[in-house]
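Trainee: 16 is the number of the first residue of the sequence shown in my numbering; add one for each residue after it.
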Amino acid sequence: MPAFLNWLLRLLPTNPICMRLVQGGSQRMRHFYIRVGYLTVLMAALFLLILGGSSDTTFTALATKGAQAFYIVSYMQLGLICLLTPVFMAGAIAQEANPRTWDILLTTPLNNLQIVLGNLFGRLFFILALLFSTLPLFVAVQFFGGVPGESIFLSYMIAAAAALFVAAVAVTLSVTRTAGRRAVFVFYITVVMYLFVTYAIDYQLRQPQATGSATMLTTWITPLNPFLVIEVLLRSNTYAPHNFTGVEASWLAKFWLGTPIAAFAWLSIGSSVLLVAFSTIRLRVIGAKLGAVPWYRRMFGLGARDSTERPPRHVGANPIVWREAVARGATLTAVLSRWGFAGLGLTVALIAIALLHTGSLSPDQFRSALVVIVAAEIVIITLTALNMSATAVSKEREDGSLDILLTTPIQPGPYLYGKLRGLVQFLIPMLCVPVGTLLLAGLYVLFGGLGNGGAVSVPTNWGTANATLPVMLPEGAIAMPLALVPFIAFCVMVGLQWSIRSKGTIGSVIAAVGIVIAIGGVVGLCGMFAGNTLGPLGPILSAFNPINLVIGIVTPHLGFSDALGSGRSSDILSARITLVVGAALAAGVYVLVVYAMHTNMKRTFHMTVRRLAGQK
Numbered sequence: 016m017p018a019f020l021n022w023l024l025r026l027l028p029t030n031p032i033c034m035r036l037v038q039g040g041s042q043r044m045r046h047f048y049i050r051v052g053y054l055t056v057l058m059a060a061l062f063l064l065i066l067g068g069s070s071d072t073t074f075t076a077l078a079t080k081g082a083q084a085f086y087i088v089s090y091m092q093l094g095l096i097c098l099l100t101p102v103f104m105a106g107a108i109a110q111e112a113n114p115r116t117w118d119i120l121l122t123t124p125l126n127n128l129q130i131v132l133g134n135l136f137g138r139l140f141f142i143l144a145l146l147f148s149t150l151p152l153f154v155a156v157q158f159f160g161g162v163p164g165e166s167i168f169l170s171y172m173i174a175a176a177a178a179l180f181v182a183a184v185a186v187t188l189s190v191t192r193t194a195g196r197r198a199v200f201v202f203y204i205t206v207v208m209y210l211f212v213t214y215a216i217d218y219q220l221r222q223p224q225a226t227g228s229a230t231m232l233t234t235w236i237t238p239l240n241p242f243l244v245i246e247v248l249l250r251s252n253t254y255a256p257h258n259f260t261g262v263e264a265s266w267l268a269k270f271w272l273g274t275p276i277a278a279f280a281w282l283s284i285g286s287s288v289l290l291v292a293f294s295t296i297r298l299r300v301i302g303a304k305l306g307a308v309p310w311y312r313r314m315f316g317l318g319a320r321d322s323t324e325r326p327p328r329h330v331g332a333n334p335i336v337w338r339e340a341v342a343r344g345a346t347l348t349a350v351l352s353r354w355g356f357a358g359l360g361l362t363v364a365l366i367a368i369a370l371l372h373t374g375s376l377s378p379d380q381f382r383s384a385l386v387v388i389v390a391a392e393i394v395i396i397t398l399t400a401l402n403m404s405a406t407a408v409s410k411e412r413e414d415g416s417l418d419i420l421l422t423t424p425i426q427p428g429p430y431l432y433g434k435l436r437g438l439v440q441f442l443i444p445m446l447c448v449p450v451g452t453l454l455l456a457g458l459y460v461l462f463g464g465l466g467n468g469g470a471v472s473v474p475t476n477w478g479t480a481n482a483t484l485p486v487m488l489p490e491g492a493i494a495m496p497l498a499l500v501p502f503i504a505f506c507v508m509v510g511l512q513w514s515i516r517s518k519g520t521i522g523s524v525i526a527a528v529g530i531v532i533a534i535g536g537v538v539g540l541c542g543m544f545a546g547n548t549l550g551p552l553g554p555i556l557s558a559f560n561p562i563n564l565v566i567g568i569v570t571p572h573l574g575f576s577d578a579l580g581s582g583r584s585s586d587i588l589s590a591r592i593t594l595v596v597g598a599a600l601a602a603g604v605y606v607l608v609v610y611a612m613h614t615n616m617k618r619t620f621h622m623t624v625r626r627l628a629g630q631k
């Protein structure tokens with residue numbers, strides 16, 4: 016075989032790293048369960064959307080149902096791909112946590128490009144296989160009509176391009192960063208925040224296609240977010256690209272605003288190529304500065320991370336609580352992350368209220384912005400709680416400190432309680448952000464908009480009813496902490512449970528996030544449908560999912576319209592009281608679940624931990 020052809024083949028098809036990752040990953044039960052769960056969720060959603068609803072079986076009705084089901088499932092598929100891509104790429108980032116892995120790779124005959132491409136496509140293979148495994152489902156939708164084949168393949172192209180870019184970023188992080196496993200969670204949070212922030216910015220920048228038109232035009236942000244791009248593809252009647260026919264415009268404006276789908280695809284591919292090229296050049300200098308004290312630690316007067324001398328500290332009755340609540344947050348990164356998040360979140364809330372007060376934001380726009388802001392904050396806090404709790408025990412198992420703890424007099428009950436209480440205490444500054452945001456907005460409403468009464472009341476229609484509702488329900492500032500804190504405690508317990516059962520931190524984080532997404536998704540969907548069909552029970556069930564609760568607090572006509580009745584003041588008051596009662600009931604249920612999980616984990620702790628003790 017010619018040497019050049021052999022070199023090309025070893026870049027991808029016969030790349031040893033790629034072949035090892037594909038062959039080894041295909042035999043892992045975790046990947047099998049992810050594939051089964053992914054297909055099960057999409058199949059169940061597709062069949063329920065097509066078979067549910069009205070009993071009309073005419074061809075027109077079936078075509079409409081098929082189109083609507085395709086739209087919803089396409090969004091679900093893109094969301095799952097964006098959530099699962101960081102999970103599959105976590106190994107590429109965590110691999111850098113052990114410099115010996117790179118030391119071994121750099122001594123092999125593989126060149127830089129082969130190492131980078133092998134890591135990239137070896138893990139990207141599972142994501143693309145997961146994506147295209149649903150192709151038969153979408154092909155089956157065409158039997159009902161209403162869905163062009165071009166739309167199906169373009170939706171796959173958008174998801175694949177997004178996965179490629181996220182995977183390239185992950186490989187670049189593994190080459191350039193020295194944060195190790197900590198970078199996995201930072202990467203995950205960054206992906207989620209990016210999607211939320213860009214969507215919110217685009218929503219505020221949208222302009223109608225014509226005066227009085229319900230169709231909005233794309234913005235400069237559209238090609239930067241896959242969810243915006245797929246909205247252009249599937250909802251072109253309400254979100255359309257610019258038409259530059261007969262209009263003078265630069266080639267960039269025509270390409271970026273006129274063809275956002277193509278712009279997103281080429282941007283993702285081009286950015287991925289640049290990241291791969293940068294990683295290839297950067298690869299050989301990885302670890303060159305290991306052991307040096309970073310400049311930012313020197314600036315704050317901090318020494319090396321492995322310093323053996325520390326001042327004495329008062330730890331209280333339960334040292335586990337102190338360790339999780341105080342010692343975990345004693346690093347520069349933790350301090351900046353927690354308080355930076357709190358400061359940024361409250362600043363954004365004040366800016367949004369100021370824009371509403373000055374008229375720069377309409378009440379409807381403020382509602383949308385408030386829902387997005389608070390929902391994004393809750394998602395970030397939930398992921399933080401899961402990451403911290405899912406690594407609380409498994410990290411101690413990996414570094415060997417758990418074996419030492421097992422020889423001390425501390426019992427499983429106080430140990431697990433200390434983990435739970437300490438982690439919740441650590442998250443209190445972050446929990447204050449969504450609660451504080453709703454509190455500030457609620458006070459603004461209670462004080463009548465500080466003289467601007469028109470900003471705090473919104474004429475609202477739902478179904479055949481209408482009424483004037485506040486821009487947000489002020490009692491939401493009471494309902495949110497009632498439901499959110501126990502929910503986060505539940506997430507912490509789920510993370511602790513999988514941290515005890517798992518041998519490594521990556522596996523425990525993936526399992527915990529998957530469980531909470533599944534439970535939260537089911538509870539959220541049930542609450543969404545119940546809120547608009549079960550009358551007074553709607554606000555109660557909505558409170559069991561914090562995202563549904565935010566929607567109910569800010570836009571009650573969308574969260575529990577059936578409970579609002581015909582819009583009479585008595586019906587609205589009853590629904591508002593029921594919402595707070597529902598938050599209290601949700602808190603009670605989550606507390607009982609946390610107590611039951613704690614009791615079970617305490618009973619099986621020794622058996623589970625000793626069975627895995629010493630394993631890496």
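C-beta: ideal position from N, C-alpha, C; glycine also.
Mark Tyr-610 as exposed unless 16 or more other C-beta atoms lie within 10 angstroms of its C-beta, in which case mark it buried.
Mentor: Flag for Tyr-610 reads exposed.
Trainee: In angstroms, rounded to a whole number, what distance separates the CA positions of Leu-98 and Leu-23?
Mentor: Approximately 32 Å between the Cα atoms of the pair.
Trainee: Rounded to whole angstroms, what's the CA-CA distance from Val-624 to Arg-516? Just pull it up for me.
Mentor: Computed Cα separation, rounded: 7 Å.
Trainee: For Met-495, which three-state DSSP category applies?
Mentor: Three-state result, Met-495: helix.
Trainee: Put Trp-477 into one of helix, strand or coil per three-state DSSP.
Mentor: Three-state DSSP puts Trp-477 in a strand.
Trainee: Is Leu-143 near Ala-178, with beta carbons less than 8 Å apart?
Mentor: Closer than 8 Å, so yes.
Trainee: Quick one: what's got a C-beta closer than 6 Å to Lys-80's C-beta in the same chain, skipping five residues either side?
Mentor: Answer for Lys-80: Ile-65, listed in chain order.
Trainee: Between the alpha carbons of Leu-10 and Thr-230, how many angstroms are there, rounded?
Mentor: Residue coverage of the chain in this structure runs from 16 to 631, which leaves residue 10 outside it and unanswerable.
Trainee: Distance check for Leu-351 and Met-314, CA to CA, integer angstroms please.
Mentor: Any answer about Met-314 is weak, because its pLDDT of 49 lies below 50 and its placement is not dependable; what the coordinates show is given next. When rounded, the distance between both Cα atoms is 14 Å.
Trainee: Let me know the secondary structure DSSP gives Ser-581 once reduced to three states.
Mentor: Note: Ser-581 maps to coil in three-state DSSP.
Trainee: With a floor of 4 residues, list each alpha helix (DSSP H) that falls wholly inside the segment 556-601, ordered by position along the chain.
Mentor: Counting whole runs of 4 or more residues, the segment 556-601 contains the alpha helix (DSSP H) stretches 561-569, 571-574.
Trainee: Could you please give the first and the last residue of the uninterrupted alpha helix (DSSP H) stretch that includes Gln-440?
Mentor: Here the alpha helix (DSSP H) through Gln-440 covers 427-441.
Trainee: Thinking C-beta only, is Leu-594 closer than 8 Å to Ile-587?
Mentor: Taking 8 Å as the Cβ cut-off, Ile-587 and Leu-594 do not qualify as a contacting pair.
Trainee: Identify, in the order they occur along the chain, each residue of the same chain with its Cβ nearer than 8 Å to the Cβ of Met-616, setting aside the five sequence neighbours on each side.
Mentor: Hits under 8 Å: Pro-427, Leu-431, Met-508, Leu-511, Gln-512, Ile-515.
Trainee: Need the endpoints of the alpha helix (DSSP H) that Asn-127 sits in, please.
Mentor: Where Asn-127 is concerned, the enclosing alpha helix (DSSP H) stretches over 127-147.
Trainee: Check whether the Cβ atoms of Gly-133 and Ile-32 sit closer than 8 Å, and answer yes or no.
Mentor: Closer than 8 Å, so yes.
Trainee: Just confirm the distance between the C-beta atoms of Leu-298 and Val-190, as a whole number of angstroms; I'd bet it's less than 8 Å.
Mentor: Rounded, the Cβ-Cβ distance is 6 Å, consistent with contact.
Trainee: Rounded to a whole number of angstroms, what is the C-alpha to C-alpha distance between Arg-45 and Trp-266?
Mentor: Going from the Cα of Arg-45 to the Cα of Trp-266 covers about 47 Å.
Trainee: State the start and end residues of the unbroken alpha helix (DSSP H) segment that holds Lys-269.
Mentor: Run containing Lys-269: 266-273, per the alpha helix (DSSP H) assignment.
Trainee: Find the nearest neighbour of Ala-384 within the set Ile-368, Ile-396, Thr-483, judged by alpha-carbon distance.
Mentor: Ranking Ile-368, Ile-396, Thr-483 by Cα distance to Ala-384 puts Ile-368 first.
Trainee: Does the beta-carbon distance from Phe-202 to Ser-287 come in below 8 Å?
Mentor: For Phe-202 and Ser-287, no; Cβs fall outside 8 Å.
Trainee: Using the Cα positions of Ala-391 and Phe-381, report the straight-line distance between them to the nearest angstrom.
Mentor: Taking the straight line joining both Cα atoms gives about 15 Å.
Trainee: Which one or two residues does DSSP pair with Thr-520 in a beta bridge?
Mentor: The partner list for Thr-520 (beta bridge, DSSP) is empty, contrary to what the question assumes.
Trainee: In chain order, what residues of the same chain lie with their CB nearer than 6 Å to the CB of Pro-474, ignoring the 5 residues before and after it?
Mentor: The answer, listed in chain order, is Thr-483.
Trainee: Would you kindly check if the distance between the Cβ of Leu-249 and the Cβ of Tyr-86 is under 8 Å?
Mentor: Against a cut-off of 8 Å, the Cβ pair of Leu-249 and Tyr-86 comes out as a contact.
Trainee: Please state if the CB of Ala-494 and the CB of Ile-568 are separated by a distance shorter than 8 Å.
Mentor: In contact: Ile-568 and Ala-494 (Cβ atoms closer than 8 Å).
Trainee: List the DSSP bridge partners of Thr-483.
Mentor: DSSP output for Thr-483 lists Pro-474 as bridge partner(s).
Trainee: Confirm, please, whether the CB-CB distance from Ile-276 to Leu-125 is below 8 Å.
Mentor: Their beta carbons are not under 8 Å apart, which means Leu-125 does not touch Ile-276 by this criterion.
Trainee: Contact defined as beta carbons within less than 8 Å: I believe Leu-220 pairs with Ile-236. What is the distance between those atoms, to the nearest angstrom?
Mentor: Contact holds; Cβ gap of about 6 Å.
Trainee: Please look up how many angstroms separate the CB atoms of Ile-396 and Ile-562, rounded, as I've assumed it's under 8 Å.
Mentor: Actually they do not touch by this definition, with Cβ atoms about 12 Å apart.
Trainee: Starting from Arg-382, trace the alpha helix (DSSP H) in both directions and tell me its first and last residue.
Mentor: Run containing Arg-382: 378-405, per the alpha helix (DSSP H) assignment.
Trainee: By Cβ distance, which residues of its chain are closer than 7 Å to Leu-454, with the 5 residues on each side in sequence left out?
Mentor: Cβ neighbours of Leu-454 beyond the five flanking positions: Ala-492.
Trainee: Does DSSP put Leu-24 in a helix, in a strand, or in coil?
Mentor: Of the three classes helix, strand and coil, the one that applies to Leu-24 here is helix, per DSSP.
Trainee: Straight-line CA distance for Gly-285 to Val-186?
Mentor: Whole-angstrom Cα-Cα distance: 15 Å.
Trainee: Beta-carbon separation of Ser-294 and Val-131 under 8 Å?
Mentor: Contact: yes.
Trainee: Pull up the DSSP beta-bridge partners for Pro-223, would you.
Mentor: Paired residues: Met-231.
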